[in-house]
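Chemist: I'd like to ask you about the structure that follows.
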């Protein structure tokens, strides 16, 4: 039997002790919770916890994320400043001066995430660099496991939102400003502002996104483009029930248009673009159906497109307004095809009489190159020039019909250049094409004329028929005039292409001027780019024909680097021309021979001048023989070139000849010996040297700029008897000149050619002893001459002296009336005819005076012949 004293274990005292212990435990836990809350209220403690969180973020992001200053001023309010994101190679991926985030804590109690404001200021960002940093290495990719999508979807304390798989998120105010963002190589966004709201909270029947942005886009490259987007508004709604994204707001305002920063277009007030529209997309259904409707306006001063270069001959007020409206309607699927209908109306543009373009197109997003389109309406007319067309383009066929014409001067042609200001252009053009897309066949017919101040092209016609399987082209033209001179009266050119023939490409051309003055005829063929054969060539000038003796072939094998020209021979009344060449394995062989006689009639036709008909006329003979060979590490070059004037009267033949040779070694270059002859006698001889070497790879001459170009005339005597036949009958010269000269030009000078000559050096000497000159009326002079030229070729200085040893000047007897002893003298009187036809003597004063470095003054009125 248990007594009352033994009842302490199960009695009230043990229970009271247990309650006392439990109360102390609750007190300790409450104190710890209060202490934890007090700790979070302290900024220092929140900063420490924030540092730990940023450290965890830094472990997730590649590279190194540096934070200049981080603060947690209040619950739900986070501020980060001076963020710098560096890649592993220390390249800067992004710099963010400030990031501020404010979250509603009350929404967290309801298991929603409501961001009251998100402010981001980005100074620079490199999107290609970020993408490269985020790509895992091969080892990381192999070790990575598939993400646990269930964990991603089940975020603690947040319930499901309006979009399936996305938690309940609401962004009330977004303000993102970007200074410079590299979106892609060569594509940079400047001064970007992005503002908007996102509502995908729990219980919504649909999720909505509203964004507004502005930016400036710059694309570098061969043609730099600068685009300034003043405003872009985008409003979209996603309905979970229907699974469709509905675009109910689309507004775009582009000020300035896409232009180049290198031009004056931006300051000239170019065109502005405005867009508005709506659409929808279904990301749930098969193929992702899409629908889009856009309406746009293009307006601004058309003359401003040319800026300061707008010509004065066109009134800017006539082209001051451009009002173009267009609509785009598209529907289809992102995984199938998209059909679009585009209508462009340009009737509101000043200076444009008519302008409409309506076309339909079909695009496959996965294969954008497979474009299919149909032009329903193409109708343009401006200043008498019209263009009308229609057509269709599919993935396999093409069908196109175009017609254009112009029948009046077009003032807008001046925009192509000042030379087109006075152009008179008239033409008609018809184009038809049909057949497979890769090898269509068609027809082109063109007729027209062109006239301006310097050129005239009359009755031009061009006809093209066929395609890649076979093509014929016929070109005809009437009179061609250049700078007032008729170049040709008739021009004809025929081209035929038939791939199944030995020579698939054949060409024949003809040009004629006058009835028997000039005519050319060419026929040629080619089996490929590697072989071209010239079948016939005939030129008739002033009734003298020259023609191809036999067909000539050119072979070009770019793979084996073999180039050959079979012997080309032209023969006819003027003479002959022969040429042959080959290049293989750096061995070059070239030979040419010319022997032509250009008669006076032929010279007057080719280069009209009074020289050819002076003193009874003259012919010109041209001869040449050149050989070039290379191989075995050596190059051999030599030849003779010459030209000789052959007078019709008893005058000496005068010629100039060059002997060419190639020098190698330390003094490599092209050397030439010069001879001037009269009746086969050498009057003057000299030499010239051009330092450099022959470039077989480039096919040219490489000058040596470390040395000068030289021209040397050694000391030699020049008998004056050779020149007696060139002097008038009453003049004669006897004696000899002593002549020497040395001229050089630097090749290293990079200025203008005239500057190169001006920097040259000149040294020449001319001497003569007992020089006798017979003058009219049996007058004569005997003199000695010792002169020199110094300085530069463009500014020589004459030094020396001329000594007249003796002389006799005889004045012939004159009529006494010219200078009587009394009365007026007719010697200084000119005669004029009065209104009655009578001769009247008019007295004129004459003064003859000479000073050093001055011209001799002569009377204004003519003197009577004595």
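Residue numbers (the working numbering): 1 to 866. Glycine is no exception: its CB is placed at the ideal position from the N, C-alpha and C atoms. All figures in this text were calculated on a predicted structure; none of them were measured in a lab.
Using three-state DSSP, classify residue 121 as helix, strand or coil.
Modeler: Strand.
Chemist: Between residue 227 and residue 213, how many whole angstroms is the CB-CB distance? I'm expecting something under 8 Å.
Modeler: Wrong, their Cβ atoms sit about 13 Å apart, outside the cutoff.
Chemist: Does residue 804 pass the burial test, meaning 16 or more other C-beta atoms within 10 Å, or should it be called exposed?
Modeler: Burial call: exposed.
Chemist: Since residue 109 is in the alpha helix (DSSP H), which residue starts that stretch and which ends it?
Modeler: That run of the alpha helix (DSSP H) goes 105-109.
Chemist: What whole-angstrom Cβ distance do residue 80 and residue 113 have, given they're in contact under 8 Å?
Modeler: Incorrect: roughly 19 Å between the Cβ atoms, too far for contact.
Chemist: Pick out whichever of 288, 619, 175, 601 has its Cα sitting closest to the Cα of residue 115.
Modeler: With distances taken between Cα atoms, residue 115 lies closest to 175.
Chemist: So, at 7 Å on beta carbons, what are the nonlocal neighbours of residue 104 in its own chain, with the 5 sequence-adjacent residues on each side left out?
Modeler: Cβ neighbours of residue 104 beyond the five flanking positions: 76, 114, 116.
Chemist: Here's the rule I'm using: 16 or more other beta-carbon atoms within 10 Å means buried, otherwise exposed. How should residue 550 be labelled?
Modeler: Answer is exposed; the Cβ neighbour count stays below 16.
Chemist: When the Cα atoms are used, what is the spatial distance from residue 798 to residue 489?
Modeler: Going from the Cα of residue 798 to the Cα of residue 489 covers about 53 Å.
Chemist: Quick one: grab the DSSP three-state call for residue 463.
Modeler: DSSP places residue 463 in strand when its eight states are reduced to three.
Chemist: Along the beta strand (DSSP E) that carries residue 773, what are the first and last residues, could you check?
Modeler: Its beta strand (DSSP E) spans residues 761-775.
Chemist: Tell me whether the region 608-624 and the region 564-572 touch, counting them as touching only if at least three CB pairs, one residue from each stretch, are closer than 8 Å.
Modeler: Not touching, per the Cβ criterion.
Chemist: Excluding sequence positions up to five away, which residues of its chain have a Cβ less than 6 Å from the Cβ of residue 432?
Modeler: Result list for residue 432: 401, 442, 443, in chain order.
Chemist: Using CA atoms only, rank isn't needed, just tell me which of 676, 102, 251 is closest to residue 170.
Modeler: Selected option, being the one with the closest Cα: 102.
Chemist: Hey, would you say residue 676 sits closer than 9 Å to residue 602, going by beta carbons?
Modeler: No, these two residues do not count as a Cβ contact at 9 Å.
Chemist: Given a cut-off of 9 Å on the beta-carbon distance, is the pair residue 177 and residue 253 in contact?
Modeler: It is not a contact, given that the beta carbons lie outside the stated cut-off.
Chemist: Just to confirm, is the Cβ distance from residue 739 to residue 712 under 9 Å?
Modeler: Taking 9 Å as the Cβ cut-off, residue 739 and residue 712 do not qualify as a contacting pair.
Chemist: Taking the straight line between their C-alpha atoms, what separation do you get for residue 286 and residue 372?
Modeler: Cα to Cα, residue 286 sits roughly 23 Å from residue 372.
Chemist: Using C-beta distances below 6 Å, list every residue in its chain close to residue 788, excluding the 5 sequence neighbours before and after it, in chain order.
Modeler: So the qualifying residues of the chain are 765, 799, 800.
Chemist: Taking the alpha-carbon of residue 296 as reference, which of 183, 435, 278 has the nearest alpha-carbon?
Modeler: It is 278.
Chemist: Could you compute how far the alpha carbon of residue 148 sits from the alpha carbon of residue 162?
Modeler: With a pLDDT of only 44 at residue 148, under the threshold of 50, the placement of this residue in the model should not be trusted; the figure read from the coordinates follows. Cα to Cα, the separation comes out at about 22 Å.
Chemist: Using a 10 Å radius around the Cβ and a threshold of 16 neighbouring Cβ atoms, would you call residue 491 buried or exposed?
Modeler: The residue is buried, with at least 16 neighbouring Cβ atoms inside 10 Å.
Chemist: Less than 9 Å between the beta carbons of residue 674 and residue 662, yes or no?
Modeler: Not in contact: residue 674 and residue 662 (Cβ atoms no closer than 9 Å).
Chemist: Is it true that the CB of residue 565 sits closer than 9 Å to the CB of residue 579?
Modeler: Result yes, Cβ atoms of residue 579 and residue 565 sit closer than 9 Å.
Chemist: Could you please give the first and the last residue of the uninterrupted beta strand (DSSP E) stretch that includes residue 398?
Modeler: Where residue 398 is concerned, the enclosing beta strand (DSSP E) stretches over 397-406.
Chemist: DSSP beta-bridge partners for residue 482?
Modeler: Per DSSP, 455, 485.
Chemist: Kindly indicate which three-state DSSP category residue 630 falls into: helix, strand or coil?
Modeler: It is a strand residue.
Chemist: Going by Cα to Cα distance, which pick from 387, 654, 505, 129 is closest to residue 89?
Modeler: Per the Cα distances, 129.
Chemist: Rounded to a whole number of angstroms, what is the C-alpha to C-alpha distance between residue 504 and residue 582?
Modeler: Each residue's alpha carbon lies about 25 Å from the other.
Chemist: For residue 85, list the residues DSSP reports as bridge partners.
Modeler: Residue 85 pairs with 65, 94.
Chemist: Which one of 592, 670, 678 has the shortest CA to CA distance from residue 689?
Modeler: Cα-wise, what sits closest to residue 689 is 670.
Chemist: Given that a residue counts as buried once 16 or more other Cβ atoms are within 10 Å of its Cβ, and exposed if not, what is residue 167?
Modeler: Looking at its Cβ environment, which holds 16 or more other Cβ atoms inside 10 Å, residue 167 is buried.
Chemist: Using CA coordinates, which residue listed in 335, 355, 387, 344 is at the minimum distance from residue 363?
Modeler: With distances taken between Cα atoms, residue 363 lies closest to 335.
Chemist: Assuming residue 648 and residue 629 form a contact by the criterion Cβ under 8 Å, report the distance between their Cβ atoms to the nearest whole angstrom.
Modeler: No, residue 648 and residue 629 are not in contact; Cβ-Cβ is about 41 Å, not under 8 Å.
Chemist: Start and end of the alpha helix (DSSP H) containing residue 603?
Modeler: Here the alpha helix (DSSP H) through residue 603 covers 600-606.
Chemist: From what residue to what residue does the alpha helix (DSSP H) around residue 128 run?
Modeler: That run of the alpha helix (DSSP H) goes 127-134.
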